[in-house]
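J.:
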Amino acid sequence: MEQLSFRPVTPPETVLARYELCRTHDLEEARQWGEKIFCENRLCAVDSKGAVNTRIYYRRIGSIGIGRMSYGGAVTIRPDVMENFALVQMPIRGEERIEVGSQRVVCNPHMGSVLNSHTPTLINHASNTEKLIIRIDRSLLERHCQQLLGRTLRNQIEFDSSMPLNTVAGARWLRMVGWVYDCVSQDDEIPPLMVAQLESGLVSLLLANQPHTYSAELASEGPSLAPSFVKRVERYIEEQAHEPISIVDMAEHAGVSSRSLFTGFRRYRNTSPMLYLKEIRLRRVNEELKRLAPGGDTVTAVAFRWGFSHLGHFTTDYKRRFGESPSETLAH
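Going by UniProt numbering, the first residue of the sequence shown is number 1, and it counts up by one from there.
1. If I measure Cβ to Cβ from LYS319 and keep anything under 6 Å in the same chain, skipping five residues before and after, which residues do I get?
2. Give every residue of the same chain whose Cβ lies closer than 7 Å to the Cβ of ASP47, excluding the five residues on either side of it in the sequence, and list them in chain order.
3. Are the region 121-141 and the region 232-243 in contact at 8 Å, needing three or more beta carbon pairs?
4. Between which two residues does the beta strand (DSSP E) carrying PRO244 extend?
5. Under 8 Å: do the region 77-85 and the region 111-124 share three or more Cβ pairs, one atom per stretch?
6. Using 8 Å for Cβ pairs, my map puts LEU140 next to SER204. What's the rounded Cβ distance?
7. Can you find the residues in the same chain that come closer than 6 Å, C-beta to C-beta, to VAL15, ignoring five residues on each side of it along the sequence?
8. For MET176, which residues from the same chain have a beta carbon less than 8 Å from its beta carbon, with the 5 sequence-adjacent residues on both sides left out?
9. Determine, using beta carbons only, whether ALA303 and VAL285 come nearer to each other than 8 Å.
10. Are ARG55 and ARG23 close, meaning C-beta to C-beta below 8 Å?
11. Taking the alpha carbon of THR167 as the reference point, which residue from PRO109, SER228 and GLY296 has its own alpha carbon closest?
12. For my contact list, MET163 and GLN210 are in at a C-beta cut-off of 8 Å; report their separation, rounded to the angstrom.
13. Do you know offhand how far GLU247's Cα is from MET274's?
14. Identify every run of the alpha helix (DSSP H) within the region 107-159, keeping only runs that are complete inside it and at least 4 residues long; order them along the chain.
15. Across which residues does DSSP place PHE85 in a beta bridge pair?
16. Please state whether the Cβ-Cβ distance between PHE322 and PHE314 is less than 8 Å.
17. With distances taken Cα to Cα, identify the nearest neighbour of SER228 among ARG305, LEU292, PHE85 and GLY255.
18. Can you check which of these residues, GLU20, LEU218, TYR71 and TYR268, is closest to GLN146 by C-alpha distance?
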């Protein structure tokens with residue numbers, strides 16, 4: 001059977017194993033859990049016997065919800081209007097046939113889907129299907145999009161329903177998804193810095209990768225940023241590097257769009273705002289490691305406190321920047 005080409009540290013069929021919400025053979029109980037996580041819905045078994053074996057694993061962090069689920073039987077789901085969120089679905093195995101308004105999508109390990117808020121939807125879920133899901137609050141999507149555009153939205157964000165996963169863009173998305181699922185599957189407590197990074201990374205990449213109402217406008221060149229705004233954001237980053245700062249926060253502080261902020265940093269600093277933030281945080285980690293007394297915090301604890309969730313990448317970046325590993329700095 002074809003399976004999603006998804007390569008996190010945690011295998012896709014075991015992600016979120018510690019966060020099981022539902023294990024039931026009862027169709028009504030499965031429907032009620034779907035209502036708690038998503039919205040009111042009609043859930044019907046295709047088999048006249050109504051046999052299901054539902055498994056739902058789900059975790060909410062910040063403004064996003066991450067899950068893995070299977071109904072263990074052929075069912076149809078007709079959700080009510082999803083007023084407050086968009087839903088990304090990626091089958092690990094099996095197939096779903098989805099009707100979203102006038103669009104028809106056949107979802108499998110090569111093709112995911114994006115369900116928009118306010119769009120009538122019918123999902124035909126095959127019996128052998130298991131899928132990953134990402135629920136994103138509409139307010140988070142709109143806030144990021146508005147900052148990228150530098151203005152309020154005139155219309156709701158409507159994504160194309162089809163999300164190819166076997167393309168360059170799809171591979172880029174799956175790498176992000178792999179990182180996110182690793183974080184939420186393995187960590188009991190996720191620091192606020194990491195939550196902000198998870199939200200910002202997912203939403204920014206979704207808006208850049210997946211065609212939607214404002215894709216063409218976001219792809220156009222924006223105006224350049226005056227050096228005074230660049231300096232203002234640099235000061236903001238220096239002062240708030242210990243906080244969960246996103247590109248949206250930086251743009252709001254500067255009073256410009258995220259697009260203009262990227263343009264200004266690229267033109268005047270030959271870097272990006274987030275790379276500048278990473279540089280400041282690396283410097284702060286270096287300073288803290290030098291001050292640590294014997295028997296104090298570990299390198300891992302300090303790195304996580306400053307928002308570095310992938311220790312391998314952190315160590316590589318640190319050594320490139322300071323010419324020694326974090327553990328060598330700590331040992332001095």
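Think of the CB as a built atom: it goes at the ideal place given N, C-alpha and C, for glycine as much as any other residue.
Please read these numbers as outputs of a predicted model, since none were measured by experiment.
T.: Let me lay it out:
1. Working through the sequence shown from its first residue, we reach residue 319 at position 319. Counting only Cβ-Cβ distances below 6 Å, and skipping sequence neighbours, we find SER325.
2. If you number the sequence shown from 1, residue 47 lands on position 47. Cβ neighbours of ASP47 beyond the five flanking positions: GLY73 and ALA74.
3. no
4. For the purposes of this step, residue 244 is identified with residue 244 of the sequence shown, where counting begins at 1. Per DSSP, PRO244 belongs to no beta strand (DSSP E) and is neither H nor E.
5. Yes: at least three Cβ pairs fall under 8 Å.
6. Counting from 1 along the sequence shown, the entry for residue 140 is found at position 140. Counting from 1 along the sequence shown, the entry for residue 204 is found at position 204. Contact annotation, LEU140 with SER204: C-beta distance approximately 11 Å; criterion of less than 8 Å not satisfied.
7. For this step, residue 15 is matched to residue 15 along the sequence shown. If we look at VAL15 and ignore the five residues flanking it on each side, its Cβ neighbours are ARG68, TYR181 and SER185.
8. In the sequence shown, counting from the first residue as 1, residue 176 sits at position 176. Closer than 8 Å at the Cβ level, and outside the excluded window around MET176, lie GLY201, LEU202 and LEU205.
9. What you label residue 303 is simply residue 303 of the sequence shown in a count that begins at 1. What you label residue 285 is simply residue 285 of the sequence shown in a count that begins at 1. Yes.
10. Along the sequence shown, read from residue 1 onward, the residue named residue 55 stands at position 55. Along the sequence shown, read from residue 1 onward, the residue named residue 23 stands at position 23. It is a contact, given that the beta carbons lie within the stated cut-off.
11. As a working mapping, residue 167 is identified with position 167 in the sequence shown. Nearest option by C-alpha distance: PRO109.
12. Here residue 163 is taken as the residue at index 163 of the sequence shown, counted from 1. Here residue 210 is taken as the residue at index 210 of the sequence shown, counted from 1. With 8 Å as the limit, MET163 and GLN210 qualify as a contact, their Cβ atoms being about 6 Å apart.
13. As a first step, residue 247 is located in the sequence shown; it is residue number 247 there, counting from the start. As a first step, residue 274 is located in the sequence shown; it is residue number 274 there, counting from the start. Correcting the residue identity first, residue 247 is Ile in this sequence and not Glu. Taking the straight line joining both Cα atoms gives about 7 Å.
14. Listed in chain order, the complete alpha helix (DSSP H) runs (minimum 4 residues) inside the region 107-159 are 138-149.
15. Within the sequence shown, residue 85 is the residue found at index 85, counting from 1. According to DSSP, which records beta bridges pairwise, PHE85 is partnered with ASP137.
16. Taking the first residue of the sequence shown as position 1, residue 322 is located at position 322. Taking the first residue of the sequence shown as position 1, residue 314 is located at position 314. Not in contact: PHE322 and PHE314 (Cβ atoms no closer than 8 Å).
17. Taking the sequence shown and counting its residues from 1, the one referred to as residue 228 is at position 228. Closest by alpha carbon: GLY255.
18. Residue 146 sits at position 146 when you count from the first residue of the sequence shown. Here the closest residue by C-alpha is LEU218.
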